[in-house]
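Numbering (my numbering), first residue to last: 1393 to 1720.
Every residue, glycine too, gets a C-beta built ideally from N, C-alpha and C.
This one's a predicted model, so the numbers in the text were calculated from it and none came from an experiment.
Here the structure comes first, spelled out in structure tokens, and everything after it is commentary.
Written as structure tokens, this is what we have:
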């Protein structure tokens, strides 16, 4: 761990940037770190701050297309798909019925069941939309229609002789959202990034534990972390930022707006009533909108899906520069 102790970084502002499920974990990490950072104004747990256990300049949390309120996300699927012409009223109704089951399981504390029901809801969405791309609804599904995609996932699962998850629903979800999509990222992390860092032991493989982690978190998967975000806004001076891609289905923008607009934060009403500001490109075209009040900002990123840095890299860079204060 001594390789990660870099004293010169103690005075550099630290921003926690996250994507997808990372936003959920980032909210928890930021809350924990905020209590241990001696440089952060914090109205709660002053003794923890005085302990000065972590020497850093914690400055903000940025959550991109993040899994903050899973129920709000899945409950938005039916209306969002209907509004974008991907389902008719019958399809919307079927999806709404299934996602209501997910919400009921969460409300009743049946977290393992809620994750399995979420998997079933995804399968239903794939069927009624003929294989919509969950990451960007306007991109062609990577493997054709729903049945072809489903069969491909199953074939990949069958061809692997590695650790198998305990439930078929989790196995399917893992291969759908992690296994099939991680090849390029694994190649990057275990190649150029490993070579650049020069500190990773040869017996450690990036992503090698992902299946075990996925299973360990399965019962926590549908738990919200809205309260963690509220705590940061209500008790710290941290910048708290949410950005969401217009074309994301997994964490749709309407779903993200739902939990944001219902936050128990003193500034929620004022934020809702604030005006949006457009962000334009060199040709004058609108590429994003933002709305801020005090230390909270929400960005609507146009023409981008779940992975905003991939779909709209230039816009993502501008957003980052605005947040950290390096905008030229």
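(request) Return the residue from the list 1427, 1676, 1630 and 1690 that minimises the CA-CA distance to residue 1451. (result) The residue given as residue 1451 occupies position 59 in the chain shown. If we check each option's Cα against that of residue 1451, 1630 comes out closest.
(request) Buried or exposed for residue 1594, please, with buried defined as at least 16 other CB atoms from any protein chain shown within 10 angstroms of its CB. (result) For the purposes of this step, residue 1594 is identified with residue 202 of the chain shown, where counting begins at 1. When all chains shown are included, residue 1594 counts as exposed.
(request) Look at the alpha carbon of residue 1711 and the alpha carbon of residue 1527, and state the distance between them as a whole number of angstroms. (result) Residue numbering aside, residue 1711 sits at position 319 when the chain shown is read from its first letter. Residue numbering aside, residue 1527 sits at position 135 when the chain shown is read from its first letter. So the alpha carbons of these two residues sit roughly 20 Å apart.
(request) Give the single residue among 1641, 1632 and 1505 whose Cα lies nearest to the Cα of residue 1468. (result) Your numbering for residue 1468 matches position 76 in the chain shown. That would be 1641, whose Cα lies nearest to the Cα of residue 1468.
(request) Could you tell me which of 1478, 1403 and 1624 sits nearest to residue 1424, measuring between CA atoms? (result) As a working note, residue 1424 is residue 32 in the chain shown. When each option's Cα is compared against that of residue 1424, the closest is 1624.
(message) My parser needs the beta strand (DSSP E) runs of 3 or more residues fully inside the segment 1598-1662; what are they?
(response) 1631-1637
(message) Here's the rule: buried if 16 or more other CB atoms are within 10 angstroms of the residue's CB, otherwise exposed. What is residue 1708?
(response) Numbered from its first residue, the chain shown carries residue 1708 at position 316. The residue in question, residue 1708, is buried, as its Cβ has 16 or more Cβ neighbours within 10 Å.
(message) For residue 1544 and residue 1619, I'd like the C-alpha separation in whole angstroms.
(response) Position 152 of the chain shown, counting from 1, holds the residue named residue 1544. Position 227 of the chain shown, counting from 1, holds the residue named residue 1619. With a pLDDT of 41 at residue 1544, under the threshold of 50, the modelled position of this residue cannot be trusted, and the question is left open.
(request) Please look up how many angstroms separate the CB atoms of residue 1632 and residue 1428, rounded, as I've assumed it's under 8 Å. (result) For this step, residue 1632 is matched to residue 240 along the chain shown. For this step, residue 1428 is matched to residue 36 along the chain shown. About 18 Å separates the two Cβ atoms, so there is no contact after all.
(message) Between 1470, 1581 and 1504, which has its C-alpha nearest residue 1611's C-alpha?
(response) Position 219 of the chain shown, counted from the start, is the residue given in the question as residue 1611. The candidate whose alpha carbon is nearest that of residue 1611 is 1504.
(request) Measuring alpha carbon to alpha carbon, tell me which of 1665, 1666, 1621 and 1699 ends up nearest residue 1461. (result) Counted from its first residue, the chain shown places residue 1461 at position 69. When only C-alpha atoms are compared, the closest one is 1621.
(request) Report yes if the C-beta distance between residue 1698 and residue 1637 is below 8 Å; otherwise report no. (result) On the chain shown, position 306 is the one that residue 1698 refers to. On the chain shown, position 245 is the one that residue 1637 refers to. Yes, Cβ-Cβ distance for residue 1698 and residue 1637 is below 8 Å.
(request) Can you tell me which of the three DSSP states residue 1418 falls into? (result) Within the chain shown, residue 1418 is the residue found at index 26, counting from 1. In the structure shown, residue 1418 sits in a helix (DSSP, three-state: H, G or I).
(request) Decide if residue 1401 is buried, meaning its Cβ has at least 16 other Cβ atoms within 10 Å, or exposed. (result) Along the chain shown, read from residue 1 onward, the residue named residue 1401 stands at position 9. Flag for residue 1401 reads exposed.
(request) Check whether the Cβ atoms of residue 1507 and residue 1613 sit closer than 8 Å, and answer yes or no. (result) For the purposes of this step, residue 1507 is identified with residue 115 of the chain shown, where counting begins at 1. For the purposes of this step, residue 1613 is identified with residue 221 of the chain shown, where counting begins at 1. Yes, the pair counts as a contact, with Cβ atoms nearer than the cut-off.
(message) I'd like the span of the beta strand (DSSP E) that includes residue 1408, first residue to last.
(response) The residue you call residue 1408 lines up with position 16 of the chain shown. Per DSSP, residue 1408 belongs to the beta strand (DSSP E) from 1405-1411.
(request) Under 8 Å by Cβ, that's how I've got residue 1680 and residue 1694 pegged, so tell me the actual separation to the nearest angstrom. (result) Counting from one through the chain shown, the residue named residue 1680 turns up at place 288. Counting from one through the chain shown, the residue named residue 1694 turns up at place 302. At roughly 6 Å, the Cβ-Cβ gap stays under 8 Å, so residue 1680 and residue 1694 are in contact.
(message) Do residue 1686 and residue 1659 count as a contact pair if the criterion is CB distance below 8 Å?
(response) The sequence position of residue 1659 within the chain shown is 267, counting from 1. The sequence position of residue 1686 within the chain shown is 294, counting from 1. Going by C-beta atoms, residue 1659 is nearer than 8 Å to residue 1686.
(message) Per the DSSP calculation, residue 1452 is bridged to which residue(s)?
(response) Here residue 1452 refers to the residue found at position 60 of the chain shown. 1407 and 1631.
(request) Would you check if the distance between the CB atom of residue 1463 and the CB atom of residue 1511 is smaller than 8 Å? (result) What you label residue 1463 is simply residue 71 of the chain shown in a count that begins at 1. What you label residue 1511 is simply residue 119 of the chain shown in a count that begins at 1. It is not a contact, given that the beta carbons lie outside the stated cut-off.
(request) For the alpha helix (DSSP H) containing residue 1481, list its first residue and its last residue. (result) Residue numbering aside, residue 1481 sits at position 89 when the chain shown is read from its first letter. Taken as a continuous stretch (DSSP letters only), the alpha helix (DSSP H) holding residue 1481 covers 1481-1499.
(message) For the beta strand (DSSP E) containing residue 1684, name the first residue and the last one.
(response) Taking the chain shown and counting its residues from 1, the one referred to as residue 1684 is at position 292. Start and end: 1678-1685.
(request) Starting from residue 1670, follow its DSSP beta bridges and name the residues at the other end. (result) The sequence position of residue 1670 within the chain shown is 278, counting from 1. Note: residue 1670 sits in a beta bridge opposite 1681.
(message) Tell me the residue span of the alpha helix (DSSP H) that contains residue 1689.
(response) Looking up residue 1689 in the chain shown gives position 297. Unbroken run through residue 1689 is the beta strand (DSSP E), 1688-1693; no alpha helix (DSSP H).
(message) Using only the alpha-carbon positions, how far apart do residue 1603 and residue 1522 sit?
(response) The residue labelled residue 1603 in the question sits at position 211 within the chain shown. The residue labelled residue 1522 in the question sits at position 130 within the chain shown. Cα to Cα, residue 1603 sits roughly 28 Å from residue 1522.
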